[in-house]
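J.: Can you read through this structure? Questions will come right after.
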Amino acid sequence: MDVLIHLFVALHIIGIAALLGGFLTQMKAMGQGTACFVPGMLHGALTMLVTGAVLVGLNQADDHHVDTVKIGIKLALLVVILGLVYVKRDDEKVDRNLFGLVGLLTTVNIFIAVLWT
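Residue numbers for the sequence shown follow this note's numbering, so the first one is 1 and each next one is one higher.
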């Protein structure tokens with residue numbers, strides 16, 4: 001079961017990398033007011049959602065402690081991120097504040113995952 005959990009952790013990290021990488025590649029455009037949500041950001045957020053749910057299930061099935069408050073906060077942040085990216089995915093440019101919010105929420109989500117023990 002540990003190998004399966006580690007596999008999904010790796011996939012979860014790939015999802016966050018796609019989401020944050022998409023944001024970082026658009027930062028120059030954000031400064032110019034022409035940033036847009038790239039498809040990799042949507043796919044990364046969806047990957048995080050699916051792999052996160054699987055990880056919670058696998059950890060509970062393996063009798064590991066799951067901090068439901070932490071998971072709930074991370075899920076809430078991810079749902080907001082996913083909603084914003086999904087709704088604005090076809091816009092040619094996204095307001096810089098909205099785009100920055102997605103980057104901020106993504107970063108906060110990473111810090112919660114790493115620092116909350």
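Even glycine gets a Cβ: it sits at the ideal position worked out from N, Cα and C.
1) Going by C-alpha to C-alpha distance, which of Val87, Lys28, Gly72 sits closest to Leu49?
2) Which of the three DSSP states, helix, strand or coil, is assigned to Met1?
3) So does the segment 98-111 actually touch the segment 61-70, counting three or more Cβ pairs closer than 8 Å?
4) Can you tell me whether Thr34 is helix, strand or coil according to DSSP?
5) Can you give me the start and stop residues for the alpha helix (DSSP H) that Gln60 sits inside?
T.: Taking the definition as stated:
1) Ranked by Cα distance from Leu49, the options Val87, Lys28, Gly72 are led by Gly72.
2) The answer is coil: DSSP assigns Met1 none of H, G, I, E or B.
3) By the C-beta criterion, the segment 98-111 is judged not to be in contact with the segment 61-70, since fewer than 3 inter-stretch pairs fall below 8 Å.
4) Judged by DSSP in its simplified three-state form, Thr34 adopts coil rather than helix or strand.
5) Bounds of the alpha helix (DSSP H) holding Gln60 are 39-61.
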